[in-house]
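Everything on this sheet refers to the single structure shown next.
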Amino acid sequence: VPLVWADYLPIVRKDAPQTYIVKKGDTLWDISSYFLDNPWLWPKLWHANSYIKNPHLIYPGDRLRLRWVKGQPQLVLDRGKAQVKLTPKMRIASSPITTLHDSLMFPYLAEDKLLSARSLENVARVIGSSDGRSYMAPGDTIWVDSVLDGGSEWWIYRINETFSREGEGTKHQVMALQEVAKARVKAIDKERSLLRLTQLRQEIHQNDLVLPAPIDTRSLNMSFAPTVAPSQLQAQVVGSISGQQYMASKQVIILDRGHLDNFEPGQVFKLYRDGADISGPKGEYAYHDSRFSGAEQQLKHIEVGEVMVLRPYEYFSLAVVTKSFEPFKAGVVALPPTY
1 VPLVWADYLP IVRKDAPQTY IVKKGDTLWD ISSYFLDNPW LWPKLWHANS YIKNPHLIYP
61 GDRLRLRWVK GQPQLVLDRG KAQVKLTPKM RIASSPITTL HDSLMFPYLA EDKLLSARSL
121 ENVARVIGSS DGRSYMAPGD TIWVDSVLDG GSEWWIYRIN ETFSREGEGT KHQVMALQEV
181 AKARVKAIDK ERSLLRLTQL RQEIHQNDLV LPAPIDTRSL NMSFAPTVAP SQLQAQVVGS
241 ISGQQYMASK QVIILDRGHL DNFEPGQVFK LYRDGADISG PKGEYAYHDS RFSGAEQQLK
301 HIEVGEVMVL RPYEYFSLAV VTKSFEPFKA GVVALPPTY
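Quick note: the sequence shown uses the UniProt record's numbering, first residue 1, plus one each step.
This is the structure in structure tokens:
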């Protein structure tokens, strides 16, 4: 296990700009990378702006100035003129930049990509179609075993994989969901709803799950700051949200710790796989087959990547791989960054 230095000093890049004007399309991770060798040290560079209303929100047009105070770097915000679009009836201010690009955040913040085993009992399920068909197209109808809100859009999901962890004598399970289709309520019949399909990504199966459509993006917090994970936290990668065996940069993975374990959005962890197992006395060292017990020593762990927590659930979290040095599999350990 690597040692963790609790009080990092931000290391400014040698080619860091003295001033930077935020552009549309920038992300907080991008900007942090312009100034710092380690983007997760952003809070230490940014703390001087506490006097500004909502200092964690940065907008296109804002000017960032790098300065030094008592030998310590600080990034100062000069609030630019808000970019607005005028119409006869409204005035819309520009949105703040997000932590990462929308494609890496919105689907995982807006949709319930993980579902706990205990909440599964109350989720609506697909019964089937009246004519017994398996293959459907937009416009076709299916029955669901619950009365659904007719004014809402509903999305249909399939359980992709189940993950589990032990905790305080209890086994916690979570299911990774994969979107299959979108639908709207056409009719209600006693305790069932008839849905008209509006969009299909895959074939719909009986017993697929039916959940409300994602929430409005305007209510999402997509501008949390990257930060060093507390030294006492650690987790293990249990799999990929897409079900792939090997994981790499810009993929979303699942960690076996959640908000009940003090995991929060923006926390950054390094990923490590075990070093080689060695057996044998001095002069007879040999690599040990990990399938068998009896290894006498293990060589130092190997860093394989870096992740940032996107969305913690109770006992598990979704995290995005911000950097990978090699493809890795489930079982690698997530630990707070070392200096």
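Think of the CB as a built atom: it goes at the ideal place given N, C-alpha and C, for glycine as much as any other residue.
task = Pick helix, strand or coil for Y315, following the three-state DSSP scheme.
result = Start at 1 with the first residue of the sequence shown, and residue 315 comes out as number 315. Residue state, collapsed to three classes: coil.
* Using DSSP bridges, identify the partner residues of L255. => As a first step, residue 255 must be located in the sequence shown, where it is residue number 255. Answer is V237, S317.
_To the nearest angstrom, how far is the alpha carbon of V238 from that of L318?_
Along the sequence shown, read from residue 1 onward, the residue named residue 238 stands at position 238. Along the sequence shown, read from residue 1 onward, the residue named residue 318 stands at position 318. Distance between the alpha carbons of V238 and L318: 11 angstroms.
### Task
Using three-state DSSP, classify K323 as helix, strand or coil.
Mapped onto the sequence shown, residue 323 falls at position 323. Three-state DSSP puts K323 in a strand.
**Prompt:** If you draw a straight line from the C-alpha of K14 to the C-alpha of Y34, how long is it?
**Reply:** Translated into positions along the sequence shown, residue 14 becomes position 14. Translated into positions along the sequence shown, residue 34 becomes position 34. K14 and Y34: Cα-Cα distance of roughly 10 angstroms.
Practice task
Might you give, ordered along the chain, the residues of its own chain that have their beta carbon closer than 6 angstroms to the beta carbon of K24, omitting 5 neighbours on each side?
Solution key: To locate residue 24, count along the sequence shown from 1; it is residue 24. Excluding positions up to five away in sequence, the list reads P60.
Short CB-CB distance (under 8 angstroms) between L100 and chain B = In the structure shown, chain B does not exist; there is a single protein chain.
- prompt: What residue does the beta strand (DSSP E) around W40 start on, and which one ends it?
  reply: On the sequence shown, position 40 is the one that residue 40 refers to. Where W40 is concerned, there is no enclosing beta strand (DSSP E), given that its DSSP letter is neither H nor E.
Exercise for the section: Please confirm whether P337 and S32 have their CB atoms less than 8 angstroms apart. Expected result: Position 337 of the sequence shown, counted from the start, is the residue given in the question as residue 337. Position 32 of the sequence shown, counted from the start, is the residue given in the question as residue 32. Contact: no.
By the DSSP assignment, the beta strand (DSSP E) with M175 in it spans what residues?
Your numbering for residue 175 matches position 175 in the sequence shown. Looking at the DSSP string, the run of the beta strand (DSSP E) that includes M175 is 170-189.
- Task: Starting from the Cα of S116, find the closest Cα among K70, Y135, P43, E161 and give me that residue.
- Result: As a position in the sequence shown, residue 116 is number 116, starting the count at 1. Ranking the options by Cα distance to S116, first place goes to E161.
Exercise. Output the distance between the C-alpha atoms of G258 and D131, rounded to the nearest integer angstrom.
Key: As a first step, residue 258 is located in the sequence shown; it is residue number 258 there, counting from the start. As a first step, residue 131 is located in the sequence shown; it is residue number 131 there, counting from the start. So the two alpha carbons sit approximately 43 angstroms from each other.
* Under a three-way DSSP split, which group does Y157 fall into? -> Here residue 157 corresponds to residue number 157 of the sequence shown, with the count starting at 1. Y157: strand per DSSP, three-state reduction.
Hey, how far is the Cα of G280 from the Cα of Y272? Looking up residue 280 in the sequence shown gives position 280. Looking up residue 272 in the sequence shown gives position 272. If I take the Cα positions, the gap works out to 25 angstroms.
inquiry  = For a test of the three-state rule: what should DSSP assign to R125, helix, strand or coil?
reply    = Position 125 of the sequence shown, counted from the first residue, corresponds to residue 125. Three-state DSSP puts R125 in a strand.
- When the Cα atoms are used, what is the spatial distance from residue 343 to Q234? Missing from the structure shown is residue 343; the chain here goes from 1 to 339 and no further.
**Asked** If we count the other Cβ atoms within 10 Å of its Cβ and call it buried at 16 or more, is N38 buried or exposed?
**Response** Locating residue 38 in the sequence shown gives position 38, where the first residue counts as 1. N38 is buried by the Cβ-count criterion.
| said: Is K323 a contact residue of the ligand PLP, with contact defined as CB to any heavy atom under 7 angstroms? | reply: Among the components modelled here there is no ligand, and therefore nothing to report on the ligand PLP.
Near D26, which residues of its chain fall below 6 angstroms by C-beta distance, leaving aside the five closest residues on each side in sequence? For the purposes of this step, residue 26 is taken as the residue at position 26 of the sequence shown. Closer than 6 angstroms at the Cβ level, and outside the excluded window around D26, lie I97.
> If you draw a straight line from the alpha carbon of Y287 to that of G275, how long is it in whole angstroms?
Replying inline: Position 287 of the sequence shown, counted from the start, is the residue given in the question as residue 287. Position 275 of the sequence shown, counted from the start, is the residue given in the question as residue 275. Approximately 11 angstroms between the Cα atoms of the pair.
**Item:** CA-to-CA distance, L260 to M308, given in whole angstroms
**Value:** Locating residue 308 in the sequence shown gives position 308, counting from the first residue. Locating residue 260 in the sequence shown gives position 260, counting from the first residue. Those two C-alpha atoms are separated by around 17 angstroms.
Q.
Could you tell me the alpha carbon to alpha carbon distance between P312 and P230, rounded to whole angstroms?
A. What you label residue 312 is simply residue 312 of the sequence shown in a count that begins at 1. What you label residue 230 is simply residue 230 of the sequence shown in a count that begins at 1. About 15 angstroms.
- Item | CA nearest to the CA of A137, picked from D30, Q199, S129 | Locating residue 137 in the sequence shown gives position 137, counting from the first residue. When only C-alpha atoms are compared, the closest one is Q199.
Discussion item. At the level of alpha carbons, what is the spacing between L209 and Y157?
Written reply: For the purposes of this step, residue 209 is identified with residue 209 of the sequence shown, where counting begins at 1. For the purposes of this step, residue 157 is identified with residue 157 of the sequence shown, where counting begins at 1. Computed Cα separation, rounded: 5 angstroms.
Next item on the list: Grab me the residues of D62's own chain with a C-beta within less than 8 angstroms of its C-beta, minus the 5 sequence neighbours each way, in chain order.
Entry: As a working note, residue 62 is residue 62 in the sequence shown. Correct list, in chain order: I21, V22, L77, D78, R79, G80.
| With DSSP run on the structure shown, which of helix, strand or coil describes P107? | Against the sequence shown, residue 107 aligns to sequence position 107. It is helical.
Rounded to the nearest angstrom, what separates L41 and R125 at their Cα positions?
Position 41 of the sequence shown holds residue 41. Position 125 of the sequence shown holds residue 125. Cα to Cα, the separation comes out at about 45 angstroms.
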